[in-house]
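When the letters of the sequence shown are read in order and numbered with our numbering, they come out as residues 62 to 829.
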Amino acid sequence: FLNPERVSMPDVDIDFDDEGRQDAINYVIDKYGKNQVAQIITYGTMAAKMAIKDVARVLELPIPDSNKLAKYVPDKPGTKLKDAFAEVQELKDILHGPDSNLETQVLKQAKILEGSVRGTGIHAAGVIIAPDDLLNYIPVCTSKDADLLVTQFDGKVIEDAGMLKMDFLGLKTLTVIKDALRMVKKNYGIDIDMDKIPLDDQASLELYQKGETVGTFQFESEGMRMYLKQLKPTNIEDLIAMNALYRPGPLQFIPNFINRKHGREEVEYPHELLEPILNNTYGIMVYQEQIMQTAQILGGYTLGGADLLRRAMGKKKIEEMDRQEVIFMKGAKEIHNIPEEKSKKVFEIMKEFAKYGFNRSHSAAYSVVAYQTAYLKANYPSEYMASVLTHNMNNIDKVTFFIEETKNMGLEILGPDVNESEASFTVNPLGQIRFGLGAVKGTGDAAVENIIEERQKNGHFEDMYDFARRVSLRTVNKKSFECFAQAGAFDNMGKLHRAQFFASMPNEQYNFLEKIIRYGNAYQKEIENAKTSLFGDSGAVTIATPKVPQTETWSQLEKLSREKEVVGFYMSGHPLDRYRAEMKQFCKCTLDKIDKFPNQEITVAGIITKKELRQTKTGKPFTSFSIEDHKGAMDMALFGESHETIGELIEVNKLVLLTGKVQKRYGSEDRFELRPSQVKPLEEMQEKMCKGLSIKIDIAKLSEDLIGQMEQLVQENSGEHELKIWVYDLQEDPVMKVELNSQKYKIQADERLMQKFEAIELQCEMVY
62 FLNPERVSMP
72 DVDIDFDDEG
82 RQDAINYVID
92 KYGKNQVAQI
102 ITYGTMAAKM
112 AIKDVARVLE
122 LPIPDSNKLA
132 KYVPDKPGTK
142 LKDAFAEVQE
152 LKDILHGPDS
162 NLETQVLKQA
172 KILEGSVRGT
182 GIHAAGVIIA
192 PDDLLNYIPV
202 CTSKDADLLV
212 TQFDGKVIED
222 AGMLKMDFLG
232 LKTLTVIKDA
242 LRMVKKNYGI
252 DIDMDKIPLD
262 DQASLELYQK
272 GETVGTFQFE
282 SEGMRMYLKQ
292 LKPTNIEDLI
302 AMNALYRPGP
312 LQFIPNFINR
322 KHGREEVEYP
332 HELLEPILNN
342 TYGIMVYQEQ
352 IMQTAQILGG
362 YTLGGADLLR
372 RAMGKKKIEE
382 MDRQEVIFMK
392 GAKEIHNIPE
402 EKSKKVFEIM
412 KEFAKYGFNR
422 SHSAAYSVVA
432 YQTAYLKANY
442 PSEYMASVLT
452 HNMNNIDKVT
462 FFIEETKNMG
472 LEILGPDVNE
482 SEASFTVNPL
492 GQIRFGLGAV
502 KGTGDAAVEN
512 IIEERQKNGH
522 FEDMYDFARR
532 VSLRTVNKKS
542 FECFAQAGAF
552 DNMGKLHRAQ
562 FFASMPNEQY
572 NFLEKIIRYG
582 NAYQKEIENA
592 KTSLFGDSGA
602 VTIATPKVPQ
612 TETWSQLEKL
622 SREKEVVGFY
632 MSGHPLDRYR
642 AEMKQFCKCT
652 LDKIDKFPNQ
662 EITVAGIITK
672 KELRQTKTGK
682 PFTSFSIEDH
692 KGAMDMALFG
702 ESHETIGELI
712 EVNKLVLLTG
722 KVQKRYGSED
732 RFELRPSQVK
742 PLEEMQEKMC
752 KGLSIKIDIA
762 KLSEDLIGQM
772 EQLVQENSGE
782 HELKIWVYDL
792 QEDPVMKVEL
802 NSQKYKIQAD
812 ERLMQKFEAI
822 ELQCEMVY
């Protein structure tokens, strides 16, 4: 890290939890003084499209024409205008048009200005600390985006000016760990010191061995999980090595590493003297430190000399490497009498691995943090996943993904509840994760704070009337009421279903929710008047409570759609839940797995969440839409004949089966998309292919009343389909189940009947 022969300052990167990063910066300011600490400027340059738009604005080219020119430039990152002019015929024609053409002038001037500095910014993490006043060393400036001084030299120049640059990084994972520990302390009364947890915890290592690392730091990608299951790590050293190997370049050595660990491949060392430094990685050079130690042990290098060698190899400085090779071989001969042929071979191995060698201290630090997250996931799963969900609340795709993982872990997630929820995700004494009120859109922090504060002060809300009487109706406004109702936060407040909040009594102007708010306002006004009354009237306030309108419950799809509107995803279920049997029968994979089937025709199922009719750059119409399933979402497009023939079948909130070919995305080598050629409504497939209906009943909920309701539904919906009933006893271990096939009744198995069974809280699915 620091040695007398080092020719440059070390690269110092420090990760803090997001909440503590500013405290660290404040400490540095207090210790060294505000005139010795600065943030680092960044210079933003004009990219191809921006150059066209900026020039067009100055030359007063109409905005539609400016956008048209910019759209001709390929979306591929790093595209230069000279390349675009060569590749895109439309741009080439305009560029070589007459000088009187304004569009031609725009392109010519944009080509000149491309790459020019357009504006400045602030480096996200970089901080400069000077030995005394910064003005004695470098020019500085101020910025509206920074409280500190800002250097006028950017990161490429600042170190050459003799300044010590440090990166103060905010690492969300550290905040996730901290909040998980808070919940563990609250639920179990345990203070866990993460620096003292055992590094050989069996539950944690089993998590890695099974590849169940979704939600943990650094080890959650699909490829990494695959290799972990093959490696079956048994110690922290295995994790450190995998963290260093799983990146472009050294990835090719992972199979050798795995085979050597399990004895399927012989462990060989470039030289027997290197065994002490390579035994943890089974003879494979993985880290930069191993390359430097090899130079020291075999070639007699000093620490500084070995660092110079590493730099030369890493940056592929041919002349310097040739010079170093001579020094290495000479040292190996003089110190250990190693033949030149042997030392040359070792040097070639060093050169190969130096291209990819990763800093071991960096890998070790991150692997320990990763292990800490795995330890919490393995030993305190509810608390850890609640923290993961809390710190991804602003990313709906990630919340959906982690909720699916949480369910796969066997943990239960409860919806938001004004009597139980905090602002963020929490864990109750039963280990169930409770959704946070702060994650409900359209409510506002002030409303959430007021509800929680009132509940903590005066206890749970008894019913909706009590809620309206007690909360501040200025902060918990009509919009908040509506969003909480749609999210299910009032579900446990009496025997109300969500549709009733938005229904009205016959011949009345206001719906029930609005009447509750009016009731609450009237009640609070009466209380206030009583307080200020000259006679000090302290009698009870008696205002009639509004009557609850009777209306049908929402369909499952409407209920889930409204949930998604205010939460961002389907929470109490998924529109596809009732079609799991159909998906199993007809679908090749889920949306997140289509890249496993390149150039193949596959079928997937999903719900259409967005549709847009658009035009190509040449003015041809096409359909752009988004589709979502249990595992993820994907944008798709229909062009040409597909747009004409099946574009009309794409409708928002429609559940469909899509068949098409998996192809590479335009301009990408490793990302795939599905080009649909056929669309079929799932409900239609259900009706055509269905053989019967299967109903699941928990024996604990079985009653004469329930049996009577079932019999009535069956009689009212007679048809040609079979009826199967599964009775479960969840109290038994293992769970006992009995299948009953109805001989007497045949039914008309369709979506309408399924909804009626679900209305009396029975699970059902189609049988094929």
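Every residue gets a Cβ at the ideal spot worked out from N, C-alpha and C, and that includes glycine.
Let me know the secondary structure DSSP gives Thr140 once reduced to three states.
The count along the sequence shown starts at 1 and reaches residue 140 at position 79. Coil.
Suppose you measure from the CA of Asp91 to the CA of Phe214; what does that come to, to the nearest Å?
Numbered from its first residue, the sequence shown carries residue 91 at position 30. Numbered from its first residue, the sequence shown carries residue 214 at position 153. A straight line joining the alpha-carbon of Asp91 with that of Phe214 spans about 24 Å.
Quick check on DSSP: helix, strand or coil for His704?
Within the sequence shown, numbered from 1, the residue matching residue 704 stands at position 643. DSSP places His704 in helix when its eight states are reduced to three.
At the level of alpha carbons, what is the spacing between Lys293 and Gly693?
The residue you call residue 293 lines up with position 232 of the sequence shown. The residue you call residue 693 lines up with position 632 of the sequence shown. Rounded to whole angstroms, the separation of the alpha carbons of Gly693 and Lys293 is 28 Å.
By alpha-carbon positions, which one of Arg813, Ala85 and Met107 ends up nearest to Arg179?
Taking the sequence shown and counting its residues from 1, the one referred to as residue 179 is at position 118. The candidate whose alpha carbon is nearest that of Arg179 is Met107.
Please check the pair Glu473 and Gln493, which I expect to be a contact at CB under 8 Å, by giving their CB distance rounded to whole angstroms.
Counting from 1 along the sequence shown, the entry for residue 473 is found at position 412. Counting from 1 along the sequence shown, the entry for residue 493 is found at position 432. So it is a contact: roughly 5 Å between Cβ atoms.
For Arg421, collect the residues of the same chain with a Cβ closer than 8 Å to its Cβ; drop the 5 residues on either side in sequence, then sort them by chain order.
Here residue 421 refers to the residue found at position 360 when the sequence shown is read from its first residue. Shown here for Arg421: same chain residues with a beta carbon closer than 8 Å to its own, the five before and five after excluded, namely Ile301, Ala305, Val347, Tyr348, Gln349, Glu350 and Gln351 in chain order.
Measure the beta-carbon distance from Val509 to Cys544 and round it to whole angstroms, keeping in mind my assumption that it falls under 8 Å.
By one-based count along the sequence shown, residue 509 stands at place 448. By one-based count along the sequence shown, residue 544 stands at place 483. The C-beta distance from Val509 to Cys544 rounds to 11 Å, too long to meet the 8 Å contact threshold.
Ile808 versus Val775: straight-line alpha-carbon distance, rounded:
Within the sequence shown, the letter at position 747 stands for residue 808. Within the sequence shown, the letter at position 714 stands for residue 775. If you draw a straight line from the Cα of Ile808 to the Cα of Val775, it comes to about 6 Å.
Can the beta-carbon of Ile758 be found closer than 8 Å to that of Leu823?
On the sequence shown, position 697 is the one that residue 758 refers to. On the sequence shown, position 762 is the one that residue 823 refers to. Taking 8 Å as the Cβ cut-off, Ile758 and Leu823 qualify as a contacting pair.
Measuring only the C-alpha atoms, how far is Leu719 from Ile668?
Taking the sequence shown and counting its residues from 1, the one referred to as residue 719 is at position 658. Taking the sequence shown and counting its residues from 1, the one referred to as residue 668 is at position 607. The straight-line gap from Cα to Cα measures roughly 10 Å.
With DSSP as the reference, identify every bridge partner of Tyr104, one or two as the case may be.
On the sequence shown, residue 104 is found 43 positions in, with the first residue counted as 1. Partner(s): Thr181.
Would you kindly work out how many angstroms separate the C-alpha atoms of Pro200 and Thr212, rounded to a whole number?
What you label residue 200 is simply residue 139 of the sequence shown in a count that begins at 1. What you label residue 212 is simply residue 151 of the sequence shown in a count that begins at 1. Approximately 6 Å between the Cα atoms of the pair.
Mapping the DSSP letters down to three states, classify Asp506 as helix, strand or coil.
One-based indexing of the sequence shown puts residue 506 at position 445. Looking at Asp506 - three-state DSSP - the assignment turns out to be helix.
How many Å lie between Ile663 and Arg736 at the Cα?
What you label residue 663 is simply residue 602 of the sequence shown in a count that begins at 1. What you label residue 736 is simply residue 675 of the sequence shown in a count that begins at 1. Whole-angstrom Cα-Cα distance: 10 Å.
For the beta strand (DSSP E) that Tyr210 lies in, which residues bound it at each end?
Here residue 210 refers to the residue found at position 149 when the sequence shown is read from its first residue. Residue identity differs from the one stated: residue 210 is Leu in this sequence, not Tyr. That run of the beta strand (DSSP E) goes Leu210 to Asp215.
Can you tell me whether Lys805 sits near the ligand FMN, meaning its C-beta is under 7 Å from at least one heavy atom of the ligand?
Of ligands this structure carries none, so the ligand FMN is not represented either.
Could you pull the DSSP bridge partners for Ile758 from this structure?
As a first step, residue 758 must be located in the sequence shown, where it is residue number 697. Ile758 pairs with Val788.
So what does DSSP say about Gly310, is it helix, strand or coil?
As a working mapping, residue 310 is identified with position 249 in the sequence shown. Here Gly310 sits in coil by DSSP.
Whose C-beta lies closer than 8 Å to the C-beta of Lys143 among residues of the same chain, with five residues either side of it excluded?
Counting from one through the sequence shown, the residue named residue 143 turns up at place 82. Lys172, listed in sequence order.
Pop quiz: Ala484 and Gly497 are said to be a contact at Cβ under 8 Å. What is the actual Cβ separation, rounded to whole angstroms?
Taking the first residue of the sequence shown as position 1, residue 484 is located at position 423. Taking the first residue of the sequence shown as position 1, residue 497 is located at position 436. Indeed they touch by this definition, with Cβ atoms about 6 Å apart.
Taking the beta carbon of Ile655 as the centre, do at least 16 other beta carbons fall within 10 Å, making it buried, or is it exposed?
The residue you call residue 655 lines up with position 594 of the sequence shown. Counting C-beta atoms within 10 angstroms of its own C-beta, Ile655 has 16 or more neighbours from the protein chains shown and is therefore classed as buried.
Please give me, in chain order, every unbroken run of the alpha helix (DSSP H) with length at least 4 that falls completely inside the segment 426 to 468.
Correct list: 442 to 451.
CA nearest to the CA of Lys95, picked from Arg495, Lys132 and Asn87:
For the purposes of this step, residue 95 is identified with residue 34 of the sequence shown, where counting begins at 1. Here the closest residue by C-alpha is Asn87.
Which residue's Cα is closest to the Cα of Ser803: Leu754, Ala820 and Tyr829?
For this step, residue 803 is matched to residue 742 along the sequence shown. Nearest of Leu754, Ala820 and Tyr829 to Ser803, Cα basis: Leu754.
Please give me, in chain order, every unbroken run of the alpha helix (DSSP H) with length at least 4 that falls completely inside the segment 711 to 777.
Listed in chain order, they are 743 to 750 and 765 to 777.
For His184 versus Gln100, is the C-beta distance shorter than 8 Å?
In the sequence shown, residue 184 corresponds to position 123, counting from 1. In the sequence shown, residue 100 corresponds to position 39, counting from 1. Using a Cβ distance threshold of 8 Å, His184 and Gln100 count as a contacting pair.
Ala666: first and last residue of the uninterrupted beta strand (DSSP E) it sits in
Start at 1 with the first residue of the sequence shown, and residue 666 comes out as number 605. Note, Ala666: beta strand (DSSP E), Glu662 to Gln676.
Return the Cβ separation of Glu800 and Lys752 in integer angstroms, given the expectation that the two are a contact with Cβ distance under 8 Å.
Translated into positions along the sequence shown, residue 800 becomes position 739. Translated into positions along the sequence shown, residue 752 becomes position 691. In fact, because the Cβ distance is near 15 Å, the residues do not count as touching under 8 Å.
Exposed or buried, Ala761, counting other C-beta atoms within 10 Å across all chains shown (16 or more means buried)?
Residue 761 sits at position 700 when you count from the first residue of the sequence shown. Under a 10 Å Cβ-count criterion, Ala761 is classified as exposed, with fewer than 16 other Cβ atoms of the shown protein chains found around its own Cβ.
Please classify Tyr249 as buried or exposed, where buried requires at least 16 other C-beta atoms within 10 Å of its C-beta.
Taking the first residue of the sequence shown as position 1, residue 249 is located at position 188. With a threshold of 16 other beta carbon atoms within 10 Å, Tyr249 falls short and is exposed.
Taking the alpha carbon of Ile396 as the reference point, which residue from Met797, Pro610, Leu122 and Leu334 has its own alpha carbon closest?
The sequence position of residue 396 within the sequence shown is 335, counting from 1. Nearest option by C-alpha distance: Leu334.
6 Å CB neighbourhood of Lys890 in its chain, flanking five on each side removed
The shown model of the chain, from 62 to 829, leaves out residue 890, and the question about it has no answer.
Are the CB atoms of Ala550 and Val479 nearer to each other than 8 Å?
Indexing the sequence shown from 1 puts residue 550 at position 489. Indexing the sequence shown from 1 puts residue 479 at position 418. With respect to the 8 Å criterion, Ala550 and Val479 are classified as neighbours on the basis of their beta carbons.
Could you give the first and the last residue of the continuous beta strand (DSSP E) run that contains Ala698?
What you label residue 698 is simply residue 637 of the sequence shown in a count that begins at 1. Looking at the DSSP string, the run of the beta strand (DSSP E) that includes Ala698 is Ala694 to Leu699.
Go through its chain and collect everything with a Cβ distance to Asp154's Cβ below 6 Å, but skip five positions before and after it.
To locate residue 154, count along the sequence shown from 1; it is residue 93. Contacts found: none.
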